[in-house]
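In what follows, a single structure is set out as structure tokens and then discussed.
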Amino acid sequence: MPEHAGSRTCVIALDVGGTSMKGALLDRTMRPLATLRSSTPRRQGHEATVDAITWLLRDLAGAAVGIGVEPVAAGIVVPGIVDEPTQRAVHSVNLGWYDLPLAAVLTDATGLPVRIGHDVRAGGTAESRLGAARGFDDALFVAIGTGISAALLVEGRPLRACGYAGEIGHLTVAPGAEQCACGMRGCLEAVASARAIAAVYAARSGHEVEGAEEVAALVARADPVACRVWERAVEALAEAFAACAAVLAPEVIVVGGGLSQAGGLLIDPLRIALDRRLSCHRRPKLVRAALGEQAGCLGAGLLGWEAADADPAAGRPVELVADPAGGAL
Ligand SMILES: [Zn+2]
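Offset between the sequence shown (1-based) and the working numbering: plus 414.
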């Protein structure tokens with residue numbers, strides 16, 4: 415048995431976001447042994463972000479040693495365009511890097527085998543192996559937060575297309591409507607992301623809100639402006655999901671990201687709006703993500719174990735023997 419296949423080993427999992435980084439030590443069963451959070455210093459340039467990632471990896475490695483566990487590899491997920499086969503972070507508007515050989519840079523800095531991945535694709539893989547998409551070969555995982563992005567599983571395989579697949583947020587659903595960050599108008603992301611819902615409500619009501627949670631609370635109290643903004647977002651999401659159903663025919667659509675915290679307030683009308691748009695299509699199940707905001711970090715952990723198993727000193731496949739949904743990252 416390889417040295418690091420025993421019970422006293424772990425991987426370091428890190429989910430790097432535009433504002434914060436969530437790190438964890440995960441054992442073979444994907445159980446969190448320790449967690450650590452830090453802010454992302456993105457305004458100081460991408461070198462500062464890479465340094466901060468390096469320090470967080472070192473802190474987590476130190477924490478592992480402190481509890482008597484050997485860290486054997488690291489998995490890191492980042493936003494933007496990520497080319498998994500070459501292990502390069504191709505581009506991130508938020509983090510400011512271009513064509514960065516991130517895995518190699520972090521391996522050099524830490525001495526650990528490192529595998530990088532795309533945050534939403536990794537979250538989709540986690541939902542597929544451990545969460546709401548488990549048991550399905552054709553699945554669409556949609557993360558609705560500040561932006562909207564999707565991970566696609568087609569006949570059991572993730573569809574990557576050099577990192578460009580899954581940009582569902584930039585499907586045009588309302589031609590000529592709100593300006594999107596990508597430069598176009600009427601993209602799904604500009605109408606139905608958590609940020610867009612809050613911005614559109616503020617523009618239409620004249621009242622600033624903290625975020626989409628506040629709009630959801632107003633919808634629950636039947637505020638007429640909030641209800642119209644919410645319904646418009648739901649219809650836009652249904653339009654995009656129906657296009658995906660026509661082209662990709664997923665068996666299940668898993669809705670994750672911050673907006674999925676709205677639960678039935680989002681999922682129930684979305685299910686009805688999607689159903690109305692389908693005829694001869696395969697009708698996907700529409701469900702809420704099971705792993706919540708842990709999905710990205712767990713996906714990073716799966717990448718970490720892949721890196722460990724690809725290491726010449728290792729060789730054992732990942733064994734998922736426990737449901738991590740009960741754990742707390
Ligand atoms: Zn766009």
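No residue lacks a Cβ here, since even glycine has one placed at the ideal position from N, Cα and C.
Hey, out of the options, whose CA is closest to residue i's CA?
i	options	result
Gly570	Ser563, Asp513, Arg599 and Arg543	Arg543
Asn508	Asp497, Ile611, Val492 and Gly706	Val492
Leu474	Leu526, Ala606, Glu603 and Arg535	Leu526
Gly713	Cys694, Cys641 and Met444	Met444
Glu653	Gly600, Phe550 and Ala487	Gly600
Glu707	Ala438, Thr500, Trp511 and Glu665	Ala438
Trp644	Ile667, Pro664 and Ala613	Ala613
Pro664	Tyr578, Val556 and Glu622	Val556
Pro446	Leu716, His695 and Arg618	Leu716
Ala547	Leu567, Arg529 and Val528	Leu567
Thr411	Ala477, Arg529, Tyr615 and Thr521	This structure cannot speak to residue 411, because the chain is shown only from 415 to 743.
Who are the Cβ neighbours of residue i in its own chain at under 7 Å, not counting the five residues just before and after it?
i	result
Leu673	Ile558, Gly559, Ala608, Ala626 and Leu680
Glu603	Gly561, Ile562, Gly583, His584, Cys594 and Ala610
Asp513	Arg502 and Val504
Short of 8 Å in beta carbon distance, which residues of its chain neighbour residue i, apart from the five on each side in sequence? Order them along the chain.
i	result
Met816	As shown, the chain starts at 415 and ends at 743. That puts residue 816 outside it, with no answer to give.
Val479	Pro485
Gly432	Thr454, Arg456, Pro493, Asn508, Leu509 and Thr560
Arg422	Gly482, Val483 and Glu484
Ala736	Any reading at Ala736 is ruled out, since the residue's pLDDT is 44, under 50, leaving its predicted position unreliable.
Val425	Leu439, Leu440, Pro485, Val486, Ala487, Ala488, Gly489, Gly715, Gly718, Trp719, Ala721 and Ala722
When the Cα atoms are used, what is the spatial distance from residue i to residue j?
i	j	result
Arg472	Pro515	19 Å
Asp552	Ala565	11 Å
Met598	Gly561	14 Å
Leu582	Ala518	The sequence shown places Ile at residue 582, not Leu. The alpha-carbon atoms of Ile582 and Ala518 are separated by roughly 30 Å.
Ala523	Val464	10 Å
Leu554	His505	23 Å
Leu662	Lys699	14 Å
Thr449	Leu440	9 Å
Gly677	Val496	30 Å
Gly459	Pro638	43 Å
Trp511	Ala636	43 Å
Ser693	Ala659	10 Å
Please list, in chain order, all residues of the same chain as residue i whose beta carbon is under 6 Å from its beta carbon, the five residues on each side excluded.
i	result
Val648	Pro683, Leu684 and Ala687
Ala462	Pro455
Arg702	Val669, Ser674 and Ile681
Ala606	Ala647, Ala650 and Leu651
Val534	Ala557, Ser563 and Ala565
With DSSP as the reference, please indicate the residues paired to residue i in a beta bridge.
i	result
Ser674	According to DSSP, which records beta bridges pairwise, Ser674 is partnered with nothing at all.
Tyr615	None, per the DSSP bridge assignment.
Phe555	Ala565 and Val668
Val534	Answer is none; Val534 lacks a bridge partner.
Ile495	His505
Ser434	Ser453
Val425	Leu440 and Ala487
Gln593	Arg599
Stretch pair the stretch 580-590 + the stretch 625-643: three plus CB contacts closer than 8 Å: Contact fails between the stretch 580-590 and the stretch 625-643, because fewer than three Cβ pairs, one in each stretch, are under 8 Å apart.
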